[in-house]
Amino acid sequence: MPQIAKLIGGKWKLIVLQILIFHGTHRFNELRRKIEGITQAMLTNQLRALEEDGLISRKVYAEVPPRVEYSATQKAMDLNEMFEAMHRWWVTYEG
């Protein structure tokens, strides 16, 4: 269990994954606008950690200015049921 907590633990990683799993590919600034309260540095750190863990992919386009897009990998998409279960729990007990 500690390994999964490392992979998806923390407030920001879960939010980033939820956006990319359920709403598809996003650019950095799109993610930043959707995640209220996150700083640029924190988002950068979280995206790097998720990429290193194989949960998101980063695609850089050779354009000026550079365009970078982030997407959920299949490994992350396999968490879909977990997110749906968490949502059902939230609606049942807190909603």
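With the numbering used here applied, the sequence shown corresponds to residues 3 to 97, in that order. We put the beta carbon where it would ideally sit given N, CA and C, even for glycine. As the structure is a computational prediction, the values presented were derived from the model and not from experiment.
Cβ neighbour criterion (16 or more within 10 Å) applied to residue i
i          : result
residue 95 : exposed
residue 25 : exposed
residue 48 : buried
Range of the contiguous beta strand (DSSP E) that encloses residue i
i          : result
residue 71 : 69-74
residue 62 : 58-63
Cβ-based neighbour list, residue i, same chain, cut-off 8 Å, excluding 5 preceding and 5 following
i          : result
residue 19 : 10, 52, 57, 58, 74, 78, 81, 85
Range covered by the alpha helix (DSSP H) that runs through residue i
i          : result
residue 18 : 13-25
residue 94 : 82-95
residue 46 : 42-54
residue 38 : Residue 38 -> no alpha helix (DSSP H), and no H or E assigned at all.
Close Cβ partners of residue i (< 7 Å) along its chain, the five nearest in sequence each way excluded
i          : result
residue 42 : 34
residue 21 : 28, 33, 36
residue 23 : 74, 78, 79, 81, 82, 85
Alpha carbon of residue i to alpha carbon of residue j, nearest angstrom
i          : j          : result
residue 3  : residue 39 : Because residue 3 sits at a pLDDT of 49, beneath the cut-off of 50, its placement in the model cannot be relied upon, and the point is left open.
residue 45 : residue 31 : 10 Å
residue 17 : residue 37 : 7 Å
residue 12 : residue 83 : 19 Å
Own chain residues within Cβ distance below 6 Å of residue i, not counting five before or after
i          : result
residue 61 : 71
On the three-pair Cβ rule with 8 Å, is the region 81-91 touching the region 58-73?
no
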